[in-house]
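Laid out in structure tokens, this is it:
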């Protein structure tokens, strides 16, 4: 994104300069009258000040806004000059203001950072517009740290800290679902270990994963360590019978097979087990290494299960967090229950923190 401040005697001349220097697709963010003068402003001259930007990237939602802004600016040309915006202090074009209107390289660096992290341009551009407005309205030039703090605050507000769970597990029946290889069985063992070792709860295990013998053996090992019963549900009837059998336990942890989430038959099988979600707490385990397109498709596939809670696994296996942030922005109904950051049971399981997630993406 290339930023430019244009000052010209008339709006027509200012628009012409914008076109010449930034192209016809440039966005006009602010226009206002300014007064410059020499010798302590004894000889004042009124000009039009325009703050504009261009983006060389392909057509997108923000390009449409640019065209709309340009069209509206053209329509105003024969009739009136823009009035100064309410709440924006009057500025003269003296040396102090010239320093303020230097190209905002810090904003461009933040934009590149978000895109490099995997955030969608659709989510990035509105944030940059907010930064540009803050930068423009500031009495003093904002540095990189100040702009970064504004960006972090905006992201935290949009993600909503209330969506990040920080309370002990409350579900009676806990079922983990998700794609193959995301760490469902290990995560289930971490949750169960916390319930027993930290809270002294009485627990049981049910596994509906009859496809992987290794997964059953792994869960049996954890059940033996925790002194908890474990049963295998080979059929839907077995499953519901075991739900009744273990109904008096504090928590019942249910493991499921990892299958291709695009297979509708898999989703239908889970729906028969989980029902409408009123009795069983359903948690979708999503690997933090998953790209946005697959993460979004995965969540959409599981929506028929009344999904509302996710666990982010393998957060330690990536350095890119933008896909996670964009996914959460696109699905505001989801609550982030836990984050896993390693293979150790039960240690590598943490409550999520929205500020921590943003700091991972943008740096402390």
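Residue numbers (full-length UniProt numbering): 1 to 364.
C-beta atoms are modelled at their ideal positions from N, C-alpha and C, and glycine is treated no differently.
These numbers were taken from a predicted model, which means no experiment stands behind them.
Item to check | Cα-Cα separation, residue 159 to residue 331 | outcome: Here residue 159 is taken as the residue at index 159 of the chain shown, counted from 1. Here residue 331 is taken as the residue at index 331 of the chain shown, counted from 1. Distance between residue 159 and residue 331, taken at the CA atoms: about 10 Å.
Checklist entry - Can you give the beta carbon distance from residue 310 to residue 283, rounded, assuming they're within the 8 Å contact cut? => result Stepping through the chain shown from its first residue, residue 310 is reached at position 310. Stepping through the chain shown from its first residue, residue 283 is reached at position 283. Sure, about 7 Å apart at Cβ, within 8 Å.
Checklist entry - According to the neighbour-count rule (16 or more other Cβ atoms, all chains shown, within 10 Å of its Cβ), is residue 49 buried or exposed? => result In the chain shown, counting from the first residue as 1, residue 49 sits at position 49. Residue 49 sits buried, since 16 or more C-beta atoms from the chains shown fall within 10 Å of its C-beta.
Checklist entry - Apart from the five residues on each side of it in sequence, which residues of its chain come closer than 7 Å, Cβ to Cβ, to residue 333? => result Reading the chain shown from its first residue, position 333 is the one you call residue 333. Result list for residue 333: 308, in chain order.
Next on the checklist: Measuring CB atoms only, is the region 254-270 touching the region 197-215, in the sense that at least three cross pairs come out at less than 8 Å?
Outcome noted: Judged by pairs of C-beta atoms under 8 Å, the region 254-270 touches the region 197-215, as three or more such pairs exist.
Checklist entry - So residue 425 packs on residue 218, CB below 8 Å; how close in whole Å? => result Absent from the structure is residue 425, since the part of the chain shown begins at 1 and ends at 364.
Checklist entry - Do residue 8 and residue 26 come within 8 Å of each other at the CB atom, strictly closer than that value? => result By 1-based counting over the chain shown, the position of residue 26 is 26. By 1-based counting over the chain shown, the position of residue 8 is 8. Going by C-beta atoms, residue 26 is not nearer than 8 Å to residue 8.
Checklist entry - alpha helix (DSSP H) containing residue 156: first to last residue? => result For the purposes of this step, residue 156 is identified with residue 156 of the chain shown, where counting begins at 1. Start and end: 144-159.
Checklist entry - Do the CB positions of residue 168 and residue 199 come within less than 8 Å of each other? => result Position 168 of the chain shown, counting from 1, holds the residue named residue 168. Position 199 of the chain shown, counting from 1, holds the residue named residue 199. Closer than 8 Å, so yes.
Checklist entry - Exposed or buried, residue 179, counting other C-beta atoms within 10 Å across all chains shown (16 or more means buried)? => result Against the chain shown, residue 179 aligns to sequence position 179. Around the beta carbon of residue 179, 16 or more other beta carbons sit within 10 angstroms, so the residue counts as buried.
Next on the checklist: To the nearest angstrom, how far is the alpha carbon of residue 116 from that of residue 107?
Outcome noted: By one-based count along the chain shown, residue 116 stands at place 116. By one-based count along the chain shown, residue 107 stands at place 107. For residue 116 and residue 107, the distance between alpha carbons rounds to 14 Å.
Item to check | Collapsed DSSP secondary structure at residue 326 in the structure displayed | outcome: Here the question's residue 326 lines up with position 326 in the chain shown. Here residue 326 sits in helix by DSSP.
Item to check | 6 Å Cβ shell around residue 223 - same chain, five flanking residues per side excluded | outcome: Position 223 of the chain shown, counted from the first residue, corresponds to residue 223. Cβ neighbours of residue 223 beyond the five flanking positions: 205, 230.
Item to check | Local conformation of residue 205 per DSSP, three classes | outcome: The residue you call residue 205 lines up with position 205 of the chain shown. Residue 205 carries a strand assignment under DSSP once its states are collapsed to helix, strand and coil.
Item to check | Terminal residues of the alpha helix (DSSP H) in which residue 18 lies | outcome: For this step, residue 18 is matched to residue 18 along the chain shown. For residue 18, the enclosing alpha helix (DSSP H) stretches over residues 11-22.
Item to check | Between the CA atoms of residue 121 and residue 361 - distance to the nearest angstrom | outcome: The count along the chain shown starts at 1 and reaches residue 361 at position 361. The count along the chain shown starts at 1 and reaches residue 121 at position 121. If I take the Cα positions, the gap works out to 15 Å.
Item to check | Collapsed DSSP secondary structure at residue 47 in the structure displayed | outcome: The residue given as residue 47 occupies position 47 in the chain shown. Residue 47 falls in the strand class under three-state DSSP.
Item to check | Residue range of the beta strand (DSSP E) that includes residue 173 | outcome: Within the chain shown, residue 173 is the residue found at index 173, counting from 1. In the DSSP annotation of this structure, the continuous segment of the beta strand (DSSP E) that includes residue 173 starts and ends at 173-177.
Checklist entry - Is the region 319-326 in contact with the region 284-294, if contact means three or more CB pairs nearer than 8 Å? => result Output reads yes: the region 284-294 touches the region 319-326.
Checklist entry - Around the Cβ of residue 125, are there at least 16 other Cβ atoms within 10 angstroms (buried) or fewer (exposed)? => result Working through the chain shown from its first residue, we reach residue 125 at position 125. Around the CB of residue 125, 16 or more other CB atoms lie within 10 Å, so the residue is classed as buried.
Item to check | Nearest-angstrom Cβ-Cβ length linking residue 289 and residue 327, presumed shorter than 8 Å | outcome: For the purposes of this step, residue 289 is taken as residue 289 along the chain shown, with counting starting at 1. For the purposes of this step, residue 327 is taken as residue 327 along the chain shown, with counting starting at 1. About 13 Å separates the two Cβ atoms, so there is no contact after all.
Item to check | Span separating the alpha-carbon of residue 244 from that of residue 270 | outcome: Locating residue 244 in the chain shown gives position 244, counting from the first residue. Locating residue 270 in the chain shown gives position 270, counting from the first residue. About 18 Å.
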